[in-house]
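J.: Respectively, the protein sequence lines represent chains A and B. Heads up: the first sequence runs through residues 1 to 292, numbered per my numbering. Heads up: the second sequence runs through residues 293 to 560, numbered per my numbering. C-beta atoms are modelled at their ideal positions from N, C-alpha and C, and glycine is treated no differently. Everything numeric in this text was worked out from a predicted model, so none of it was measured.
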Amino acid sequence: MKQNTDQMNRMKQRLLLNNLMKHSFLFLTLIALAVLVILIVQVFTQGIGWLDWNFLTSKLSLNPDRAGILGVIVGTILLMVVVGPVTMLLGICTAIYLEEYAKKGRVHSFIQTNISNLAGVPSVIFGLLGLTVFSRMFNLGSSIVAGGLTMSLLVLPIVVVASQEAIRAVPQFLREASYGMGATKWQTIRRIVLPASLPGILTGMILSLSRAIGETAPLVVLGIPVLIMPVPDSLMDDFTALPIQIYYWTLDAVLTAEYANLAAATIIVLLIVLFIMNSAAIFIRNKFQKRY
Amino acid sequence: MIQLMEKEDAATAADQRNEIVLDTRELNLWYGPEQALKNIALQMSEKQVTAIIGPSGCGKSTYIKSLNRMVEMNPLVRITGQVMFKKRNIFHKNYSVEELRTQVGMVFQKPNPFPKSIYENVAYGPRIHGIRKKKLLDEIVEKSLRDAALWDEVKDRLNENAYGLSGGQQQRLCIARTLSIEPEVILMDEPTSALDPISTLKIEELVQELKQDYTIVIVTHNMQQAARVSDQTAFFLNGEVVEFNDTVTLFSNPNDQRTEDYITGRFG
Ligand SMILES: Nc1ncnc2c1ncn2[C@@H]1O[C@H](COP(=O)(O)OP(=O)(O)OP(=O)(O)O)[C@@H](O)[C@H]1O
Ligand SMILES: [Mg+2]
Numbered sequence: 001m002k003q004n005t006d007q008m009n010r011m012k013q014r015l016l017l018n019n020l021m022k023h024s025f026l027f028l029t030l031i032a033l034a035v036l037v038i039l040i041v042q043v044f045t046q047g048i049g050w051l052d053w054n055f056l057t058s059k060l061s062l063n064p065d066r067a068g069i070l071g072v073i074v075g076t077i078l079l080m081v082v083v084g085p086v087t088m089l090l091g092i093c094t095a096i097y098l099e100e101y102a103k104k105g106r107v108h109s110f111i112q113t114n115i116s117n118l119a120g121v122p123s124v125i126f127g128l129l130g131l132t133v134f135s136r137m138f139n140l141g142s143s144i145v146a147g148g149l150t151m152s153l154l155v156l157p158i159v160v161v162a163s164q165e166a167i168r169a170v171p172q173f174l175r176e177a178s179y180g181m182g183a184t185k186w187q188t189i190r191r192i193v194l195p196a197s198l199p200g201i202l203t204g205m206i207l208s209l210s211r212a213i214g215e216t217a218p219l220v221v222l223g224i225p226v227l228i229m230p231v232p233d234s235l236m237d238d239f240t241a242l243p244i245q246i247y248y249w250t251l252d253a254v255l256t257a258e259y260a261n262l263a264a265a266t267i268i269v270l271l272i273v274l275f276i277m278n279s280a281a282i283f284i285r286n287k288f289q290k291r292y
Numbered sequence: 293m294i295q296l297m298e299k300e301d302a303a304t305a306a307d308q309r310n311e312i313v314l315d316t317r318e319l320n321l322w323y324g325p326e327q328a329l330k331n332i333a334l335q336m337s338e339k340q341v342t343a344i345i346g347p348s349g350c351g352k353s354t355y356i357k358s359l360n361r362m363v364e365m366n367p368l369v370r371i372t373g374q375v376m377f378k379k380r381n382i383f384h385k386n387y388s389v390e391e392l393r394t395q396v397g398m399v400f401q402k403p404n405p406f407p408k409s410i411y412e413n414v415a416y417g418p419r420i421h422g423i424r425k426k427k428l429l430d431e432i433v434e435k436s437l438r439d440a441a442l443w444d445e446v447k448d449r450l451n452e453n454a455y456g457l458s459g460g461q462q463q464r465l466c467i468a469r470t471l472s473i474e475p476e477v478i479l480m481d482e483p484t485s486a487l488d489p490i491s492t493l494k495i496e497e498l499v500q501e502l503k504q505d506y507t508i509v510i511v512t513h514n515m516q517q518a519a520r521v522s523d524q525t526a527f528f529l530n531g532e533v534v535e536f537n538d539t540v541t542l543f544s545n546p547n548d549q550r551t552e553d554y555i556t557g558r559f560g
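(1) At the level of alpha carbons, what is the spacing between methionine 80(A) and serine 61(A)?
(2) Rounded to whole angstroms, what is the Cα-Cα separation between glutamate 318(B) and lysine 379(B)?
(3) Determine the extent of the alpha helix (DSSP H) in which tryptophan 186(A) is found, giving its start and end residues.
(4) I need the straight-line Cα distance from glycine 531(B) to isoleucine 356(B), nearest angstrom please.
(5) So, does the region 186-197 of chain A touch the region 241-260 of chain A, judging by three or more C-beta pairs under 8 Å?
(6) For chain A, is any of its Cβ atoms less than 8 Å away from the one on threonine 507(B)?
(7) According to DSSP, is threonine 216(A) helix, strand or coil?
(8) Between the region 345-360 of chain B and the region 519-539 of chain B, are three or more C-beta pairs nearer than 8 Å?
(9) Indicate, with yes or no, if ligand 4 has a heavy atom lying under 7 Å from the CB of glycine 346(B).
(10) List in chain order: all unbroken alpha helix (DSSP H) runs of 4+ residues lying wholly within the region 42-93 of chain A.
(11) Isoleucine 510(B): which of Val521(B), Ala526(B), Leu502(B) and Met480(B) sits nearest, CA to CA?
(12) Keeping to the same chain, check which residues put their C-beta closer than 6 Å to that of leucine 118(A); ignore five residues upstream and five downstream.
(13) Look at the alpha carbon of isoleucine 201(A) and the alpha carbon of alanine 95(A), and state the distance between them as a whole number of angstroms.
(14) By DSSP, does asparagine 530(B) sit in helix, in strand, or in coil?
(15) Please check if any C-beta of chain A sits within less than 8 Å of the C-beta of methionine 336(B).
(16) Classify methionine 362(B): buried if its beta carbon has 16 or more other beta carbons within 10 angstroms, exposed otherwise.
(17) What are the residues of the region 102-122 of chain A that lie near chain B, defined by any Cβ-Cβ distance shorter than 9 Å?
(18) For the candidate residues Pro367(B), Lys339(B) and Asp448(B), whose alpha-carbon lies nearest to that of proline 325(B)?
(19) Leucine 227(A) by DSSP, collapsed to three states: which one?
(20) Quick one: what's got a C-beta closer than 8 Å to threonine 484(B)'s C-beta in the same chain, skipping five residues either side?
(21) Report yes if the C-beta of serine 544(B) is less than 7 Å from at least one heavy atom of ligand 2; otherwise report no.
(22) Name the residue from Glu474(B), Ala454(B) and Val521(B) whose alpha carbon lies nearest to the alpha carbon of leucine 392(B).
(23) Distance check for leucine 271(A) and phenylalanine 300(A), CA to CA, integer angstroms please.
(24) Unbroken beta strand (DSSP E) runs of length 3 or more, entirely within the region 341-404 of chain B: which are they?
(25) May I ask which residues mark the beginning and end of the alpha helix (DSSP H) holding asparagine 114(A)?
(26) Pick from Asn63(A), Val159(A), Phe275(A) and Lys185(A): whose alpha carbon is nearest that of alanine 102(A)?
(27) Assign glutamate 215(A) to one of two classes, buried (16 or more other C-beta atoms within 10 Å of its C-beta) or exposed (fewer than that).
(28) Just how far apart, CA to CA, sit valine 37(A) and proline 243(A)?
(29) Rounded to a whole number of angstroms, what is the C-alpha to C-alpha distance between methionine 205(A) and valine 499(B)?
(30) Within the continuous beta strand (DSSP E) that includes glutamine 327(B), where are the two ends?
(31) Can you tell me which of the three DSSP states methionine 293(B) falls into?
(32) Mind checking phenylalanine 543(B): buried by the 16 CB within 10 Å criterion, or exposed?
(33) How about proline 230(A) and glycine 75(A): do their beta carbons lie closer than 8 Å?
(34) Cβ of threonine 240(A) less than 8 Å from any chain B Cβ?
(35) Report the neighbours of glycine 84(A) on chain B: residues whose CB is nearer than 7 Å to its CB, in chain order.
(36) Consider the C-beta atom of glycine 349(B) and the heavy atoms of ligand 1; say whether any pair is separated by less than 7 Å.
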């Protein structure tokens with residue numbers, strides 16, 4: 001192209017704008033990052049001093065110096081003991097049905113749409129559902145089972161969608177190879193489809209559990225008591241879990257400032273747990289990606 | 293005396309020839325509104341190799357996939373007519389596809405081993421048909437791999453993943469996998485189109501071996517391959533069988549002008 005001053009000027013302008021955009025994007029990204037860093041630094045400086053072995057292994061107490069989160073941790077673990085199997089069973093079965101059995105027609109798209117809708121329903125609504133159905137109708141009160149079932153409904157769409165994607169990613173030629181040898185649908189699912197999609201399903205499971213661990217609103221709606229709870233030892237016991245304890249301690253900090261430190265220490269524990277779970281999910285996803 | 297024996301041999305050979313394993317009668321097939329197969333009528337005799345040739349899109353894959361009803365995995369597909377497999381109509385509602393596919397095995401165009409070990413790939417068939425005994429499985433795996441001319445190459449690494457094999461080895465593994473359930477018929481849809489010339493030759497030799505025990509239907513784009521491996525050949529065009537004859541006649545002395553044009557490379 002023949003270069004005249006006019007074109008040169010336009011070129012300069014374009015390069016200038018290009019540079020400007022690049023730096024503004026970087027700047028805006030850094031703002032978001034900075035907020036996150038501030039938050040984490042603040043939580044850590046406030047809570048790290050309180051986070052020791054005693055804090056992890058003592059029971060709740062009104063006295064901030066003696067209070068620990070043993071019961072809270074046990075509550076969270078037991079909650080997962082309910083959420084894990086329930087979502088795994090319902091989630092994987094739903095995904096298998098939708099991907100392998102259901103005819104792609106009206107019923108299929110109706111269920112599919114509703115699952116997507118369910119994923120967008122605010123968690124408070126799930127709390128209300130749990131309150132109505134599990135707490136009141138089935139008389140489960142604010143027990144671990146009631147909380148767990150409520151949480152299961154909340155994270156079910158995540159597991160279903162992730163499992164569906166994993167199942168869909170299994171190449172059709174593997175199914176054909178299996179059917180071509182006279183295998184039934186169930187044999188093909190059990191021996192070919194599920195093993196090949198297991199990493200994706202597991203990733204979805206872990207992500208849904210980590211969502212359930214951090215979720216607060218449904219438990220608040222279920223009416224988890226604010227009282228000091230003993231360490232639960234059965235699934236029918238009342239309980240408290242990490243995020244809800246953080247919430248109560250933050251509320252109580254208005255009266256006793258030290259509760260804020262306990263909340264911060266608990267946040268650290270929660271963040272570490274979530275970090276480990278998400279790393280595990282990413283690890284599994286990367287390790288088993290694309291094997292065909 | 294010798295003459296007599298020869299005659300008898302010839303007679304039994306002819307009898308065997310006449311034993312029709314797959315008899316396609318007025319088969320029509322539609323994908324939605326599009327008709328892909330029109331009034332197909334073909335007979336395949338026991339322990340014969342039938343080649344199916346024809347230009348791209350003429351319905352070769354559709355036809356061969358009808359023979360083990362894999363084509364019906366596409367919900368758009370509608371079929372009329374009959375395919376008699378050993379005198380039973382494969383489309384009859386009492387004939388389960390699982391039973392049919394145990395008798396009529398298939399080797400696909402692209403090698404498609406399972407993401408499992410070589411051993412598990414071959415043991416898959418017997419396992420889904422209920423064989424659990426380790427010793428029996430071992431025997432079947434070895435025999436199938438031997439029959440697929442792969443045993444010597446893999447016997448020391450049966451537990452390695454099948455995806456570590458070359459394309460040609462993978463295809464022979466897929467053949468071994470098909471042999472493991474001892475079908476009567478083996479369908480092959482362009483089994484060498486993804487392979488190099490040497491692997492192709494190996495598979496062709498293998499087909500010659502296998503026809504001692506199996507009835508084989510092979511789709512191919514390669515005219516020489518059809519001429520080399522098959523006893524009879526069907527030429528497909530636009531979903532119809534234009535010509536069906538024994539291979540030597542069809543290639544040396546075709547009846548139809550279109551067949552001649554195709555095999556001399558004037559179109560397709
Ligand atoms: N899943 C499908 N849906 C709709 N039409 C199809 C489908 N599969 C094949 N067809 C049509 O059926 C006809 C026959 O296709 P088929 O795959 O059997 O041809 P082919 O002879 O095997 O071709 P090639 O040599 O390219 O493999 C074609 O016109 C094709 O467009
Ligand atoms: Mg084809």
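T.: On the basis of the supplied data:
(1) Rounded to the nearest angstrom, the two C-alpha atoms are 24 Å apart.
(2) So the alpha carbons of these two residues sit roughly 15 Å apart.
(3) Residues 185-188.
(4) Glycine 531(B) and isoleucine 356(B): Cα-Cα distance of roughly 12 Å.
(5) A contact between stretches requires three or more CB pairs, one per stretch, nearer than 8 Å, and the region 186-197 of chain A fails this requirement with the region 241-260 of chain A.
(6) Threonine 507(B) does not count as touching chain A.
(7) If DSSP states are grouped into helix, strand and coil, threonine 216(A) belongs with coil.
(8) With a cut-off of 8 Å, the region 519-539 of chain B and the region 345-360 of chain B count as touching, because enough Cβ pairs lie within range.
(9) With respect to ligand 4, the structure offers nothing, as its ligand set consists of ligand 1 and ligand 2.
(10) Segments of the alpha helix (DSSP H) lying fully in the region 42-93 of chain A: 53-57.
(11) Ranked by how close their Cα comes to the Cα of isoleucine 510(B), the residues Val521(B), Ala526(B), Leu502(B) and Met480(B) have Met480(B) in first place.
(12) If you ignore the 5 residues before and after leucine 118(A), its C-beta comes within less than 6 Å of the C-beta of Pro157, all in its own chain and listed in chain order.
(13) C-alpha of isoleucine 201(A) to C-alpha of alanine 95(A): approximately 10 Å in a straight line.
(14) For asparagine 530(B), the three-state secondary structure derived from DSSP is coil.
(15) Output row for methionine 336(B): interface = no.
(16) Around the beta carbon of methionine 362(B), 16 or more other beta carbons lie within 10 angstroms, which makes this residue buried.
(17) Here the close residues are Lys103 and Lys104.
(18) The shortest C-alpha separation from proline 325(B) is found at Pro367(B).
(19) Note: leucine 227(A) maps to coil in three-state DSSP.
(20) Non-local beta-carbon contacts of threonine 484(B) in its own chain, meaning distances under 8 Å to residues more than five positions away in sequence, involve Gln463, Ser491, Thr492, Ile495, Glu496, Thr512, Asn514 and Gln517 in chain order.
(21) Look at serine 544(B): its beta carbon is at least 7 Å from all of the heavy atoms in ligand 2.
(22) Closest by alpha carbon: Glu474(B).
(23) Outside the shown range of chain A, which is 1 to 292, sits residue 300(A), and nothing can be said about it.
(24) Restricting attention to beta strand (DSSP E) runs no shorter than 3 residues, the region 341-404 of chain B encloses them at 341-345, 369-377 and 396-399, ordered along the chain.
(25) Here the alpha helix (DSSP H) through asparagine 114(A) covers 106-120.
(26) Minimum Cα distance to alanine 102(A) is reached at Lys185(A).
(27) Glutamate 215(A) is classed as buried because its beta carbon has at least 16 other beta carbons within 10 Å across all chains shown.
(28) Here the alpha carbons of proline 243(A) and valine 37(A) stand approximately 20 Å from one another.
(29) Spanning the two alpha carbons is a distance of roughly 47 Å.
(30) Here the beta strand (DSSP E) through glutamine 327(B) covers 326-337.
(31) For methionine 293(B), the predicted structure reports a pLDDT of 41, less than 50, and the residue's modelled location is therefore unreliable. A value from the coordinates is still provided. The answer is coil: DSSP assigns methionine 293(B) none of H, G, I, E or B.
(32) Under this definition phenylalanine 543(B) is a buried residue.
(33) With respect to the 8 Å criterion, proline 230(A) and glycine 75(A) are not classified as neighbours on the basis of their beta carbons.
(34) No, threonine 240(A) does not count as interfacial toward chain B.
(35) Contacts between glycine 84(A) and chain B, judged by CB atoms closer than 7 Å, are missing: the closest CB pair is about 27 Å apart.
(36) For ligand 1, at least one heavy atom lies less than 7 Å from the Cβ of glycine 349(B).
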